[in-house]
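In this note's numbering, the protein residues as written are -5 to 306.
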């Protein structure tokens, strides 16, 4: 189509979003050097979904107004080593196992952060039964509600606390050898309000063993929170209802995974994360998996969304 946008539009494609994000950082550096501060940044993120939030009857467009930070933490126990036929009383692997178990048994505390509160306030009018009043009064019911969320599934748990899970473990090179170094890798996802430094301190307190080193191998702070009011938000929300359905509710939330969008927060105050596809449960489960797919009509509507967003 012969369309001339009323403002500059930049299409930014990082080459390594799935692994490191260095491409996006380079793009941001170029834009910053040119004095360009986008009024709106939109990256991949939540989709239009049904039945994800308990009691909600309308389809919701989950628009990320923030995303959790990421940390890679190494827990390391060391010993002299030797033959497995003559093990010491407290080998490095045992010390590491105790540290991992402590971390598992003492998760980060739950709390209600502003984007999650806004999410429930937004969907309250579209919620059936007693949950309607609960969500509408989330400022008051929130402290009790967040204690229940972890029991309702991993996604709701991740919305109300910083999570830490061991993803890798390594010991000796052979079955009959004592490990001189036993190491566990912990993947930490920071809720806004928690920092790399505060999470590091807490993990050290929970491990509570001077013979187990707790080191941050890599980290990125949680992103700032973009507004779910004002012109940039309304532009995204308006494109949603205009192209994806008048019954779809644009809903702010915290994106649980990391994306390239976090790097753009240094040059824009309005950074959102949304993928304009109405995905079924089977389509969501197939993401990054076998038979990953979306329906053709869903893809075409996504194109219409971007057209509406760019043209305003």
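Each residue gets a CB set at the ideal place from its N, CA and C atoms; glycine is no exception.
On a predicted model such as this, the values are computed, not experimentally measured, just so you know.
Opposite residue 55 in the DSSP bridges: which residues?
-> 42 and 244
DSSP three-state call for residue 267: helix, strand or coil?
-> strand
Using three-state DSSP, classify residue 213 as helix, strand or coil.
-> strand
Sub-9 Å separation of residue 36 and residue 266 beta-carbons | Here residue 36 is near residue 266, since their CB atoms are less than 9 Å apart.
Could you tell me whether the stretch 229 to 248 touches the stretch 190 to 205, using the rule of 3 or more Cβ pairs below 8 Å?
-> no
Rounded C-beta distance between residue 327 and residue 34? I'm assuming under 8 Å.
-> Given that the chain is displayed from residue -5 to residue 306, the structure contains no residue 327 and the question cannot be resolved.
When DSSP labels each residue in this structure, what does residue 3 get in the three-state scheme?
-> In the structure shown, residue 3 sits in coil (DSSP, three-state: anything other than H, G, I, E or B).
CB residue 144 to CB residue 101, shorter than 9 Å?
-> yes
Determine which residues share a DSSP beta bridge with residue 151 and list them.
-> In DSSP, residue 151 forms no bridge with anything.
Hey, which unbroken runs of the alpha helix (DSSP H) at 4 residues or more fall wholly within the stretch 72 to 121?
-> 86 to 99 and 108 to 117
With DSSP collapsed to three states, give me the class of residue 289.
-> coil
Could you pull the start and end residues of the alpha helix (DSSP H) that residue 158 belongs to?
-> Where residue 158 is concerned, there is no enclosing alpha helix (DSSP H), although the beta strand (DSSP E) it sits in stretches over 157 to 164.
Alpha carbon to alpha carbon, how far is residue 56 from residue 253? Give it in angstroms, no decimals.
-> 15 Å
8 Å contact criterion, which residue 54 and residue 117 should meet: CB distance rounded | 6 Å
Beta-carbon proximity list for residue 0, same chain, < 7 Å, skipping 5 on both sides | 306
Do residue 220 and residue 60 have their C-beta atoms closer together than 9 Å?
-> yes
Please confirm whether residue 190 and residue 162 have their CB atoms less than 9 Å apart.
-> no
Looking only at C-alpha atoms, which of 211, 282 and 63 sits nearest to residue 178?
-> 211
Close-in-space but distant-in-sequence residues of the same chain around residue 159 (CB under 6 Å, 5 per side omitted) = If we look at residue 159 and ignore the five residues flanking it on each side, its Cβ neighbours are 181.
Cβ-based burial, residue 296 [other Cβ within 10 Å; buried from 16] | buried
Do you know offhand how far residue 293's Cα is from residue 164's?
-> Spanning the alpha carbons of residue 293 and residue 164 requires a straight line of approximately 43 Å.
Select from 7, 42 and 73 the residue whose C-alpha is nearest the C-alpha of residue 207.
-> Ranking 7, 42 and 73 by CA distance to the CA of residue 207 puts 73 first.
Who are the Cβ neighbours of residue 150 in its own chain at under 6 Å, not counting the five residues just before and after it?
-> 143
Going by DSSP, which residues form a beta bridge with residue 181?
-> 66 and 159
Can you give the Cα-Cα distance for residue 3 and residue 259, rounded to whole angstroms?
-> Distance between the alpha carbons of residue 3 and residue 259 is about 17 Å.
Using the Cα positions of residue 157 and residue 67, report the straight-line distance between them to the nearest angstrom.
-> A direct Cα-Cα distance of roughly 12 Å separates residue 157 from residue 67.
Sequence-distant residues of the same chain with beta carbon closer than 7 Å to residue 309, five excluded per side = Any answer about residue 309 is impossible in this case: the structure gives the chain only from -5 up to 306.
With 16 other Cβ atoms within 10 Å as the buried cut-off, status of residue 109 = Answer is buried; the Cβ neighbour count reaches 16.
Terminal residues of the continuous alpha helix (DSSP H) containing residue 198?
-> 190 to 201
Decide if residue 155 is buried, meaning its Cβ has at least 16 other Cβ atoms within 10 Å, or exposed.
-> buried
For residue 221, three-class secondary structure by DSSP = coil
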